[in-house]
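Here is the structure we will look at.
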Amino acid sequence: MPNSAPRPTAHHDAVRQLIRAGGEIVDSGLALASAGNLSVRLDDDRFVVSASGTWLNRFDEDSFTVMTLAGDVVGGAPRPSSEWKLHQRAYLARPDVGSVVHVHPAHAILLDAMRVPVRLITLDHAFYVASVGRTPYYPNGSDELADTAAEQLRTHNCLIMGNHGSTTVGDDLDMALRRALNLENAAEMTYRALVAGRDDLDFPWESEPHLHHA
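Residue numbers (UniProt numbering): 1 to 214.
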């Protein structure tokens, strides 16, 4: 994975982006109500993350907490999302990442519970998702969940967490969200193929990895 750090993001720009993305996430069906959390890195030491219990499609300027990578609250809402460690550990593991999106996409979670791998069916899936990491079930907000997710994110930009949700990262919020959308779209298409009785599909990028970056 790249090691270059993203450019700093002003707090008001990050909040504006997060408010917009929260509505888009609920509208697209990636999450319901407060079932998910997202963040943007502000600089080398700080990130802004959605606060505890906030509905993603009801975000306002008071819906976010500013934290340091050491885990200290330094501004905004006093109680960050219970999943703040997931975001913190992802930023520590990936200095190149500028945003983390954690949502609860139905098809991706269902396929993982069935132990069926998500197939990358379209070229967009292959390019934006590229590969999918996985962690077993761990309790919400736990160190085990955050640490295993961060380890997977060292080599994947998209991750499914068992019986829980997905986490995607990007150099900015738009890329992290684009990856979440493509991961769930790939999962839905995989599920539809299974319902149609087809699990024998072949795609050129599965044997030619360089096509992921065409």
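Each residue gets a CB set at the ideal place from its N, CA and C atoms; glycine is no exception. Keep in mind it's a predicted model, so treat the numbers as computed, not measured.
By DSSP, does residue i sit in helix, in strand, or in coil?
{"i": "His156", "result": "coil"}
{"i": "Val116", "result": "coil"}
{"i": "Ala108", "result": "helix"}
{"i": "Pro6", "result": "coil"}
{"i": "Phe203", "result": "coil"}
Which stretch, first to last residue, makes up the beta strand (DSSP E) that contains residue i?
{"i": "Gly76", "result": "73–76"}
{"i": "Val48", "result": "46–50"}
{"i": "His102", "result": "99–103"}
{"i": "Val40", "result": "37–41"}
{"i": "Thr68", "result": "64–68"}
Could you check the C-alpha separation between residue i and residue j for me, to the nearest Å?
{"i": "Ala149", "j": "Ala108", "result": "16 Å"}
{"i": "Leu211", "j": "Leu153", "result": "Confidence at Leu211 is low in this model, with a pLDDT of 45, below 50, so its placement is unreliable and the value that follows should be read with caution. Approximately 21 Å between the Cα atoms of the pair."}
{"i": "Pro80", "j": "Ala196", "result": "43 Å"}
{"i": "Tyr191", "j": "Leu111", "result": "7 Å"}
{"i": "Thr65", "j": "Ser166", "result": "21 Å"}
{"i": "Pro139", "j": "Glu184", "result": "22 Å"}
{"i": "Arg84", "j": "Asp147", "result": "Residue identity check: residue 84 is Trp in the sequence provided, not Arg. Approximately 12 Å, taken between the alpha carbons."}
{"i": "Met189", "j": "Ile121", "result": "7 Å"}
{"i": "Asp72", "j": "Met114", "result": "38 Å"}
Where do the ends of the alpha helix (DSSP H) carrying residue i lie?
{"i": "Leu18", "result": "11–27"}
{"i": "Leu86", "result": "84–93"}
Less than 8 Å between the C-beta atoms of residue i and residue j, yes or no?
{"i": "Leu56", "j": "Ala31", "result": "yes"}
{"i": "His125", "j": "Ala35", "result": "no"}
{"i": "Ser39", "j": "Ser99", "result": "yes"}
{"i": "Asp43", "j": "Pro95", "result": "no"}
{"i": "Met67", "j": "Arg46", "result": "yes"}
{"i": "Ala186", "j": "Val129", "result": "yes"}
{"i": "Ala97", "j": "Val169", "result": "With the sequence shown as reference, residue 97 is identified as Val, and Ala is not the correct amino acid for it. Yes; because the gap between Cβ atoms is below 8 Å, this pair is in contact."}
Under 8 Å between C-beta atoms, does residue i make it to chain D?
{"i": "Asp172", "result": "Within the model displayed, chain D is absent; a lone protein chain is all it includes."}
(request) Go through the segment 134–183 residue by residue and report every complete run of the alpha helix (DSSP H) that reaches 4 residues or more, in order. (result) 143–153
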